[in-house]
Amino acid sequence: TVLIVNLLFLAASIPLVTIPPALFALHKVARKIVLGEPVACVRDYFTAFRQDLPCSYGAFFLTAAPMGLAGYGAVFYLRHAMTHLVLLAPFVLCTTAFLVAMLASTYLYGLLCDGKPLRDAVRSALLLGVAKPLRALLAALCYYGVLLLAVLFFPLSALYLFLLGFSLPCLLGNFFIRTVLRQYYGD
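So our numbering is basically just the index in the sequence shown, starting at one, shifted up by 87.
So, in structure tokens, the structure goes:
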């Protein structure tokens, strides 16, 4: 199942503009697997892919833009803070924004997959990311850390990326956040 979902994600992501709905569908199927619900891979994936297109694009850009901008700002200000110590303040601000966005992003897709509207899911994800960071950190290490390692070791990890590189981290990340979402939002 995990292999099929990974191949579906890769195929659906070939046109780059379809990455947000492909990512949303990947999370939706992984969430169903983690919750023990029956999964028909192809049907469930493409149903989730077509459903809530504006929500999938909104979630993607509300995750990617803050993380990208704050990450760039943190690197920029850290590089220049060596000569001007006053630039440590914007470095800390950018690093905090990056970490909050990263931790909140782990809960955001889970909340959206459970049917929450985007506005409510963003608010809840931000609160959970700050209030319950341990599970979010474990999920973020799965989502982003494993993928980063695979990209860094690309020639050696090509087979892993092709077979499991996106669906397995997504499945593990959803596994880590499931108890927090169940505790605060039920099933």
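We put the beta carbon where it would ideally sit given N, CA and C, even for glycine.
In the structure shown, His114 falls within a helical segment according to DSSP collapsed to helix, strand and coil. Approximately 18 Å separates the beta-carbon atoms of Asn261 and Ala127; this is outside 8 Å, ruling out the contact. Inclusion of Phe96 and Ser254 in the CB contact set at 8 Å is warranted, their separation being smaller than that value. Between the region 142–152 and the region 88–107 there are three or more C-beta pairs closer than 8 Å, enough to call the two in contact.
Taking a 10 Å sphere around the C-beta of Val209, we find 16 or more other C-beta atoms and assign the residue as buried. By the neighbour-count criterion, in which 16 or more other beta carbons inside 10 Å mark a residue as buried, Met189 falls on the buried side. Shown here for Ala152: not one same chain residue has a beta carbon closer than 8 Å to its own, the five before and five after excluded. Here DSSP, grouped into helix, strand and coil, assigns Ser100 to coil.
In the same chain as Leu174, and ignoring 5 residues on each side of it, the C-beta atoms closer than 6 Å to its own belong to Tyr164, His167, Ala168, in chain order.
Taken atom to atom, the span from the alpha-carbon of Lys219 to that of Ala112 is near 25 Å. For Phe263, the enclosing alpha helix (DSSP H) stretches over residues 254–272.
Taken in chain order, the unbroken stretches of alpha helix (DSSP H) that lie wholly in the region 194–238 and span 4 residues or more are 205–218, 220–227. In this structure, DSSP gives Thr170 a state outside helix and strand, which the three-state scheme calls coil. Counting only residues of its own chain and dropping the five nearest sequence neighbours on each side, Leu258 has a CB closer than 8 Å to the CB of Val89, Ala117, Ile120, Val121.
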